[in-house]
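Comments concern the structure below.
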Amino acid sequence: YNFMDKTLYNNYISILKEELVPALGCTEPIAIAFAGAKIREVIGDIPDYIIVKCSGNIIKNVKGVTVPNSGGLKGINIAATLGLIGGDASKNLEVLSTVKEEDIQKTKELINKNFCQCDLIEGSENLHIIIEAKHKDSSALVEIKNSHTNITKIIKNGEELFKSNNSSYKKDDDIRESLNIKDILNFANQVKIEDIKDTIDMQIELNTSISREGIKNDYGTSIGKTILKYYGDDIRNRAKAYAAAGSDARMGGCAMPVVTNSGSGNQGITVSIPVIEYAYDMKASEEKLYRALVLSNLIAILQKKHIGKLSAFCGVVCAATGAASAIAYLHNGEYKIICDTITNTLCTIGGMVCDGAKSSCASKIAEAVDCGILAFNLARDGKVFKSGDGLVKDDIEATIDCIGRMAKEGMKGTDNEILNIMIDK
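Counting in our numbering, the sequence shown runs from 42 upward without gaps.
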């Protein structure tokens, strides 16, 4: 293979370090809690009341999940108020790791007094949160856009204390533009393990722990446990079950952190756990597992660069496509088999909708992983959907582009309709 250009190599390292970060609990409620903790810092006290305004996709991903460390509570008002009362903004996505029992009680009291009002921001980008607070004669506003802890504006008493022009966000986008399957495979083969070891070790350790927790205890709808109970524990079922179990626990309010991919814990679990299970089963070397996980993570991120962080397209499809590609890689699948695995997965299940974060995410993960494994088994036998079959194009990058276009542009109407149904509009 060709040796990689140094800039490209460093870009790929940066992408992995930026994307694979630990988060405690579903990242959308956490983003709201982070904004809550931040506004408390700005205003310096518990305000008289707050107004939380969120874009539709934030509402979609907060409505049905348990806020971590909240004693089982759900909702936008809970996330914002708990972050404000007990959160620590300096901890970013782990903002709620410092919450104490009395913070939860105080949150419940305030919620009962209509402390927090929630509104929909219409026609905004998908990830957008504004919290306004009033305290005696003071007022404050914190705004987050585009990524979960990206503060774009802080205003206190009418004066702008901070404003970002989002240039950092655009820069990240540009590095992601360099992603393509050929270079990702080259990078996975060439990367010096010490350059990615800490990042990948953390993903293996944290995501394995939460998936074990989901198998051990009953969370959500117990998708992972049910798969093992009825289908047995061969490698294919274990890959599906352990990935689903991590989501069972995470969506069910388990307070263990997860290493994310593309801003999502469910995607972080899906992109890693099936690969880890297959590597152990095949007795692959540790080095081979690291390389496979690098491949899996970057292939997932490549697909998401077309779609954006939040949409009506279920993101675990992208993650499972990454995982299936990495399973192909563990079986010494070359470039063509990996491309065919991606084509077969995306062109089967690339239409599963996202109706928010909740316990059914786990069953969607199980189905997506199952589809990915079938896709690889077809590909290793030389079977692949042909150009012109639906959204399949002549080369893999074009196929991924088409799926991305369908997800981003084609599913806008679906997204709005799902939101209206969810907020009973």
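Where a beta carbon is used, it is the ideal one built from N, C-alpha and C, also for glycine.
Fair warning: this is a prediction, and the values are worked out from it, not measured in the lab.
Return helix, strand or coil for residue i, following the three-state DSSP convention.
{"i": "Lys154", "result": "coil"}
{"i": "Cys355", "result": "coil"}
{"i": "Val300", "result": "strand"}
{"i": "Pro109", "result": "coil"}
{"i": "Asp236", "result": "helix"}
{"i": "Asp465", "result": "coil"}
{"i": "Thr249", "result": "helix"}
{"i": "Tyr260", "result": "coil"}
{"i": "Leu182", "result": "strand"}
{"i": "Thr193", "result": "strand"}
{"i": "Asp70", "result": "The question names Asp, but residue 70 is Pro in the sequence shown. DSSP places Pro70 in helix when its eight states are reduced to three."}
{"i": "Phe203", "result": "strand"}
{"i": "Glu163", "result": "coil"}
{"i": "Lys47", "result": "helix"}
{"i": "Lys266", "result": "helix"}
{"i": "Lys175", "result": "strand"}
{"i": "Gly451", "result": "helix"}
{"i": "Leu168", "result": "coil"}
{"i": "Leu460", "result": "helix"}
{"i": "Leu220", "result": "coil"}
{"i": "Ala290", "result": "helix"}
{"i": "Leu65", "result": "strand"}
{"i": "Lys58", "result": "helix"}
Rounded to the nearest angstrom, what separates residue i and residue j at their Cα positions?
{"i": "Ile145", "j": "Gly112", "result": "7 Å"}
{"i": "Ala74", "j": "Thr362", "result": "31 Å"}
{"i": "Glu327", "j": "Asp275", "result": "21 Å"}
{"i": "Gly294", "j": "Ala398", "result": "12 Å"}
{"i": "Glu59", "j": "Leu247", "result": "17 Å"}
{"i": "Leu134", "j": "Glu69", "result": "10 Å"}
{"i": "Lys197", "j": "Ser205", "result": "16 Å"}
{"i": "Val331", "j": "Gly255", "result": "For the record, residue 331 in the displayed sequence is Tyr; it is not Val. Roughly 24 Å between the two C-alpha positions."}
{"i": "Leu137", "j": "Asp129", "result": "7 Å"}
{"i": "Ala409", "j": "Leu168", "result": "24 Å"}
{"i": "Asp422", "j": "Gly349", "result": "33 Å"}
{"i": "Ala353", "j": "Met452", "result": "6 Å"}
{"i": "Tyr210", "j": "Asn258", "result": "Any answer about Tyr210 is weak, because its pLDDT of 46 lies below 50 and its placement is not dependable; what the coordinates show is given next. Their Cα atoms are separated by approximately 39 Å."}
{"i": "Leu114", "j": "Ala364", "result": "32 Å"}
{"i": "Pro109", "j": "Ala64", "result": "11 Å"}
{"i": "Lys427", "j": "Asp456", "result": "29 Å"}
{"i": "Phe203", "j": "Leu182", "result": "11 Å"}
{"i": "Gly374", "j": "Val140", "result": "47 Å"}
{"i": "Gly265", "j": "Thr301", "result": "19 Å"}
{"i": "Phe44", "j": "Val232", "result": "10 Å"}
{"i": "Ile152", "j": "Met243", "result": "36 Å"}
{"i": "Ile170", "j": "Asp411", "result": "35 Å"}
{"i": "Asp435", "j": "Cys380", "result": "11 Å"}
{"i": "Thr148", "j": "Ile119", "result": "7 Å"}
{"i": "Lys186", "j": "Ile192", "result": "7 Å"}
{"i": "Asp160", "j": "Ser263", "result": "33 Å"}
{"i": "Lys238", "j": "Met393", "result": "33 Å"}
{"i": "Ile126", "j": "Ile87", "result": "7 Å"}
{"i": "Ile195", "j": "Glu184", "result": "7 Å"}
Check whether the Cβ atoms of residue i and residue j lie closer than 8 Å to each other.
{"i": "Cys95", "j": "Ile117", "result": "yes"}
{"i": "Cys395", "j": "Cys355", "result": "yes"}
{"i": "Gly199", "j": "Gln344", "result": "no"}
{"i": "Ile310", "j": "Ser400", "result": "no"}
{"i": "His347", "j": "Ile441", "result": "yes"}
{"i": "Gly287", "j": "Ile314", "result": "yes"}
{"i": "Tyr376", "j": "Leu226", "result": "yes"}
{"i": "Val357", "j": "Cys402", "result": "yes"}
{"i": "Ile437", "j": "Thr384", "result": "yes"}
{"i": "Val335", "j": "Phe228", "result": "yes"}
{"i": "Ile172", "j": "Ala76", "result": "yes"}
{"i": "Val103", "j": "Met292", "result": "no"}
{"i": "Ser337", "j": "Ala367", "result": "yes"}
Does the Cβ of residue i have 16 or more other Cβ atoms within 10 Å, making it buried, or fewer, making it exposed?
{"i": "Leu387", "result": "buried"}
{"i": "Ile467", "result": "Nothing can be reported for residue 467: it is not among the residues displayed for the chain, which extend from 42 to 466."}
{"i": "Lys281", "result": "buried"}
{"i": "Ile222", "result": "buried"}
{"i": "Ser305", "result": "buried"}
{"i": "Ala448", "result": "buried"}
{"i": "Lys101", "result": "buried"}
{"i": "Ala439", "result": "exposed"}
{"i": "Ile462", "result": "exposed"}
{"i": "Ile390", "result": "buried"}
{"i": "Ile464", "result": "exposed"}
{"i": "Glu143", "result": "exposed"}
{"i": "Asp430", "result": "exposed"}
Length at least 4, wholly inside the stretch 370–440: the alpha helix (DSSP H) runs in chain order: 376–390, 402–421
4 or more residues per run - each alpha helix (DSSP H) lying fully within the stretch 292–351: Given a length threshold of 4 residues, each whole run of the alpha helix (DSSP H) inside the stretch 292–351 is given here in chain order: 306–322, 327–348.
Alpha helix (DSSP H) runs wholly inside the stretch 72–138, at least 4 long, in chain order: 97–103, 117–127
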